[in-house]
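Have a look at the structure below before the remarks.
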Amino acid sequence: MSYNNIIFKVENNVATLTFNRPKALNALNNELIGELYTALEAVQHNEEIRVLILTGAGEKSFVAGADISELATFNPLQAKKFAELGHRAINKLQELPIPVIAAVNGFALGGGSEIALASDFIYASENAKFGFPEINLGLIPGFGGTQRAPRQIGKNMAKEMIFTGKIISARDAFDMGMVNKITPPETLMEDALKTAGMIVLKGKTSVRAAKQAINNGMDTDLATGCKIEIDAFSLCMASQDAREGTTAFLEKRKPEFKGDLCK
Ligand code: CAA
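Heads up, the sequence shown is in our numbering, so the first residue is -9 and it goes up one at a time.
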């Protein structure tokens, strides 16, 4: 599959998807969002892929939001279609069975922050910047920002960012718990790949079960979440990896997970 607006590659069980419109700071136009959805579907159905890393082409930007030259032409119905398309792709991203790391290498504004927040965690380069500047366009976030930001950084912090449109540094995003790690720009991908490599060595079933339990549990009350965990924990026991992990511990050796899914 060839793409016009993204670069997609798979190496050592890790897929890297690079938003690739550097002249427009990797802004999200209709075509790019369609390609993102197609690539995510491919990731979903490829069991070789164990982790997905998202990043942006060039040194300046991860994704500078929706493409404003397209937005400027929309009537409300076209805007609705566009927002639905974005939600579809970003929901697909969040619901991928495997971990997704956003390696944010510059501006993550509007739709860029929305993509980063739908990933499982964020590594940011020192020059990364986050924000929801839609208010400066007379708009609001349209790809889930009003919903995911309050859930992840707290309602009041999200409101301040969305009402003011202010752009915050990687350090501020780290301090509010939005970013897991800040790295020099030169080592951002190396750091993300290193963490992805650690995950690849774990059991396929258990990594997926952990992601599912956390995501599904966060959308519900604690008691229901705990039930979700009990089911996910028991499901892991059906995998060869759980046999291998526990046996290896008792035999005082390193486990060799074969990456099977439950049969
Ligand atoms: N859409 C379209 N083009 C964009 C863009 C965007 N979101 N962001 C940047 N570009 C383009 C610029 O128009 C410029 O193109 P030209 O060279 O052809 O003029 C090029 O990228 C470089 O940008 P700048 O010259 O502006 O670079 P800068 O370093 O001076 O500023 C910036 C960088 C602060 C990110 C600035 O470009 C900016 O404010 N961009 C818009 C950010 C924004 O408002 N994002 C939210 C979009 S709405 C949205 O995302 C809604 C949603 O939730 C789905």
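Ideal Cβ placement from N, Cα and C applies to all residues, glycine included.
- Between the C-alpha atoms of I125 and L99 there is a straight-line separation of about 12 Å.
- Scanning the region 86 to 123 from its first residue to its last, the whole beta strand (DSSP E) runs of 3-plus residues come out as 90 to 94, 97 to 99, 111 to 115, 119 to 121.
- For K171, the enclosing beta strand (DSSP E) begins and ends at 171 to 173.
- Using a 10 angstroms sphere on the CB of I112, the tally of other CB atoms reaches 16 or more, which defines it as buried.
- DSSP assignment within the region 35 to 63 yields the following whole beta strand (DSSP E) runs of 3 residues or more, N-terminal first: 41 to 46, 51 to 53.
- Counting other Cβ atoms within 10 Å of its Cβ, G76 reaches 16 or more and is therefore classed as buried.
- In the three-state DSSP reduction, A228 falls in the coil class, being neither helix nor strand.
- Measuring C-alpha to C-alpha distances from A160 to each of A32, K201, P131, A106 identifies A106 as the nearest.
- Excluding residues up to 5 positions away in sequence, nothing lies with its Cβ nearer than 6 Å to the Cβ of L191 in the same chain.
- The Cβ atoms of F64 and N95 do not sit closer than 7 Å to each other.
- Distance from the C-beta of G100 to the nearest heavy atom of the ligand CAA is below 6 Å.
- Look at A5 here: in three-state DSSP terms it is strand.
- In the assembly as shown, D110 is a buried residue. Its beta-carbon has 16 or more other beta-carbons within 10 Å.
- By alpha-carbon distance to R198, the top candidate from E180, F122, E219 is E219.
- Proximity of the beta carbon of D211 to the ligand CAA is not indicated: no heavy atom of the ligand is located closer than 6 Å.
- With contacts defined as CB atoms closer than 7 Å, V4 and V33 fail to qualify as a contacting pair.
- Beta-carbon to beta-carbon, K156 and G121 are separated by about 6 Å, close enough to satisfy the 8 Å threshold.
- Taken through DSSP and simplified to helix, strand or coil, S159 comes out as strand.
- In this model, L61 and P123 are separated by some 14 Å (Cα to Cα).
- Taking the Cα positions, A108 is about 11 Å away from R141.
- Contact between I(-4) and T8 holds, since their C-beta atoms are separated by about 6 Å, short of 8 Å.
- The C-beta of D57 has 16 or more other C-beta atoms within 10 Å across all chains shown, which makes the residue buried.
- Runs of beta strand (DSSP E) with 3 or more residues, each lying fully within the region 164 to 249, are found at 171 to 173, listed in chain order.
- Pairing A47 with T236, the inter-Cα distance amounts to about 42 Å.
- The Cβ atoms of A118 and A182 do not sit closer than 7 Å to each other.
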